[in-house]
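Asks:
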Amino acid sequence: MVKRGHSSNDGKPWKCRCGNVNKPTKHRFFKLPAFQCGKCQTKLALDFKFCLGEIEAGGKSLIGEVYDQGNEPLCVPFAYAKATEITERVFLINNGMDPELVIPIDPFELERRFLDKRPDGGPSGVGLTKDAEVIQLEESEIFNQDGTYIAADVSSIPRDAFENICHAMAEGIPLVATYLVGKAQGRVPYCKSYKSPSLRRNRDKKGKEIGHAVVLIGAGMQKGKLYFYFLNSWTKRFCARRNKKGEIIRGGIGKIRESDLTKNVIKLSPPHEAGGERRLEDQPYLGRNKLLEKVVRKGAVPMAFGFRFYLKFHDSKRSDFGWNGSTFKI
82 MVKRGHSSND GKPWKCRCGN VNKPTKHRFF KLPAFQCGKC QTKLALDFKF
132 CLGEIEAGGK SLIGEVYDQG NEPLCVPFAY AKATEITERV FLINNGMDPE
182 LVIPIDPFEL ERRFLDKRPD GGPSGVGLTK DAEVIQLEES EIFNQDGTYI
232 AADVSSIPRD AFENICHAMA EGIPLVATYL VGKAQGRVPY CKSYKSPSLR
282 RNRDKKGKEI GHAVVLIGAG MQKGKLYFYF LNSWTKRFCA RRNKKGEIIR
332 GGIGKIRESD LTKNVIKLSP PHEAGGERRL EDQPYLGRNK LLEKVVRKGA
382 VPMAFGFRFY LKFHDSKRSD FGWNGSTFKI
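Following this note's numbering, the numbering of the sequence shown begins with 82 at its first residue and continues without gaps.
(1) By Cβ distance below 6 Å, which residues in the same chain neighbour residue 120 in space, the five residues on each side in sequence not counted?
(2) Report buried or exposed for residue 345, applying the criterion of at least 16 other Cβ atoms within 10 angstroms of its Cβ.
(3) Hey, how far is the Cα of residue 187 from the Cα of residue 126?
(4) Counting along the chain, where does the beta strand (DSSP E) carrying residue 157 start and finish?
(5) What's the gap between the Cα of residue 341 and the Cα of residue 182?
(6) Using the beta-carbon count (16 or more within 10 Å), is residue 91 buried or exposed?
(7) Would you identify the three-state DSSP class for residue 278, choosing helix, strand or coil?
(8) Quick check on DSSP: helix, strand or coil for residue 139?
(9) Output yes or no for whether 8 Å exceeds the beta carbon distance between residue 157 and residue 332.
(10) Enumerate in chain order the residues of its own chain whose CB-to-CB distance from residue 323 is below 6 Å, with the five nearest sequence positions on each side excluded.
(11) Would you grab the beta carbon distance between residue 250 and residue 297 for me? Rounded to a whole angstrom, and I think it's under 8 Å.
(12) Report yes or no: do the stretch 299 to 317 and the stretch 131 to 139 share at least 3 C-beta pairs separated by less than 8 Å?
(13) With respect to the beta strand (DSSP E) encompassing residue 132, which residues constitute its N-terminal and C-terminal limits?
(14) Are the CB atoms of residue 168 and residue 255 within a distance shorter than 8 Å?
(15) Please confirm whether residue 149 and residue 259 have their CB atoms less than 8 Å apart.
(16) Assuming residue 243 and residue 137 are in contact, meaning their beta carbons sit under 8 Å apart, how far apart are those beta carbons, in whole angstroms?
(17) DSSP puts residue 149 in a beta bridge; with which residues?
(18) Classify residue 279 as buried or exposed, calling it buried when 16 or more other Cβ atoms lie within 10 Å of its own Cβ.
(19) Under the three-state reduction of DSSP, which class applies to residue 101: helix, strand or coil?
(20) Give the DSSP bridge partners of residue 309, in chain order.
(21) Under 6 Å Cβ to Cβ from residue 109, same chain only, skipping five residues before and after it: list those, please.
(22) Between the Cα of residue 354 and those of 236, 246, 343, spot the shortest distance and give me the residue it belongs to.
(23) What whole-angstrom Cβ distance do residue 294 and residue 160 have, given they're in contact under 8 Å?
(24) What does the Cβ neighbour count give for residue 401, buried or exposed, with the cut at 16 atoms within 10 Å?
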């Protein structure tokens, strides 16, 4: 087990006007400030921030390399592939193992296998936007298989539950989320928050346009404004920080306003953790699913994640973290 170290971004105790001193809460990777006074319920007014992208163990990054989806509209498989990889890297680091042992999922292979298995032979994302394809394979893919890797559970967190989202990420759990992308998205400077197109102006699109899928890896508050850090799949050139020579020091991580999430976020539970009351129930395959479209319109979950998704990919010789076969379930 890797012992938790001190971070400069750990939340600090704060004294409320009522005189109560509110201590931070301890999590696997960060301490978070109390979001409200334990005595009078006054909300936190101090700035704070934390990001899993800053965590290293033995010089190895917690989040791994930044993906590159190129010009392909495959943000959904890229987001889930990266969230899965980070979850496994966290498990290895927490157990004193080298996170580089993780064999990342190939998002393109993920997409290909989905298309090969699609019973109706239609294009991915039927009835949805091009960036919101549904990765759904038959439930039978996971059963009758030996040594399968299974995400303990799949659940959602309300997109306006900022504190709950922060607690999950501080524990090292990446979350899949979506937001609307505008024309200026690719030109956002390092450490500047991106402002999505207004949801009010896009009210007619809100039920149809799910947005761009990314992985939430941190959050913060500055002058009372809440925001999230997210890991994109547009290479390290996205929101890059460069030195005087023009070399990229850090990149791939952006900031977005808390209010810009279009759907509730998805949590892939690590081993031995249940999804709780907001876990997503297993559903039979329903083709061009009307239930799926209904779930999306209600804003229940991003990318029509009203199902269990069963993904089949390469074998692995490693037995730790449940990898000992060729089936993966999220």
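A virtual CB, placed ideally from N, CA and C, is assigned to each residue, including glycine. Values in this document were obtained by computation on a predicted structure and should not be read as measured data.
Replies: With the structure as the only source:
(1) Your numbering for residue 120 matches position 39 in the sequence shown. The residues are 99, 101.
(2) By 1-based counting over the sequence shown, the position of residue 345 is 264. Buried is the call here.
(3) In the sequence shown, residue 187 corresponds to position 106, counting from 1. In the sequence shown, residue 126 corresponds to position 45, counting from 1. If I take the Cα positions, the gap works out to 42 Å.
(4) Within the sequence shown, numbered from 1, the residue matching residue 157 stands at position 76. Where residue 157 is concerned, there is no enclosing beta strand (DSSP E), although the alpha helix (DSSP H) it sits in stretches over 156 to 175.
(5) Numbered from its first residue, the sequence shown carries residue 341 at position 260. Numbered from its first residue, the sequence shown carries residue 182 at position 101. Approximately 35 Å, taken between the alpha carbons.
(6) Numbered from 1 along the sequence shown, position 10 holds the residue referred to as residue 91. It counts as buried.
(7) Mapped onto the sequence shown, residue 278 falls at position 197. Residue 278: coil per DSSP, three-state reduction.
(8) By 1-based counting over the sequence shown, the position of residue 139 is 58. In the structure shown, residue 139 sits in coil (DSSP, three-state: anything other than H, G, I, E or B).
(9) As a position in the sequence shown, residue 157 is number 76, starting the count at 1. As a position in the sequence shown, residue 332 is number 251, starting the count at 1. Not a contact, by the Cβ cut-off of 8 Å.
(10) Here residue 323 is taken as the residue at index 242 of the sequence shown, counted from 1. Excluding sequence neighbours, residue 323 sits near 329.
(11) Within the sequence shown, residue 250 is the residue found at index 169, counting from 1. Within the sequence shown, residue 297 is the residue found at index 216, counting from 1. Contact flag correct, Cβ pair sits at about 6 Å.
(12) yes
(13) Taking the sequence shown and counting its residues from 1, the one referred to as residue 132 is at position 51. Looking at the DSSP string, the run of the beta strand (DSSP E) that includes residue 132 is 129 to 132.
(14) By one-based count along the sequence shown, residue 255 stands at place 174. By one-based count along the sequence shown, residue 168 stands at place 87. Result yes, Cβ atoms of residue 255 and residue 168 sit closer than 8 Å.
(15) Position 68 of the sequence shown, counting from 1, holds the residue named residue 149. Position 178 of the sequence shown, counting from 1, holds the residue named residue 259. No; because the gap between Cβ atoms is not below 8 Å, this pair is not in contact.
(16) Here residue 243 is taken as the residue at index 162 of the sequence shown, counted from 1. Here residue 137 is taken as the residue at index 56 of the sequence shown, counted from 1. With 8 Å as the limit, residue 243 and residue 137 do not qualify as a contact, their Cβ atoms being about 26 Å apart.
(17) The sequence position of residue 149 within the sequence shown is 68, counting from 1. Partner(s): 315.
(18) Counting from one through the sequence shown, the residue named residue 279 turns up at place 198. When all chains shown are included, residue 279 counts as exposed.
(19) Numbered from its first residue, the sequence shown carries residue 101 at position 20. The answer is coil: DSSP assigns residue 101 none of H, G, I, E or B.
(20) Residue numbering aside, residue 309 sits at position 228 when the sequence shown is read from its first letter. BP columns for residue 309 point to 300, 337.
(21) One-based indexing of the sequence shown puts residue 109 at position 28. Around residue 109: 252, 253.
(22) Residue 354 sits at position 273 when you count from the first residue of the sequence shown. It is 236 whose Cα lies nearest to the Cα of residue 354.
(23) If you number the sequence shown from 1, residue 294 lands on position 213. If you number the sequence shown from 1, residue 160 lands on position 79. Contact flag correct, Cβ pair sits at about 4 Å.
(24) If you number the sequence shown from 1, residue 401 lands on position 320. Reliability fails at residue 401, whose pLDDT of 24 lies under 50, so the model's placement of it is uncertain and no value is given.
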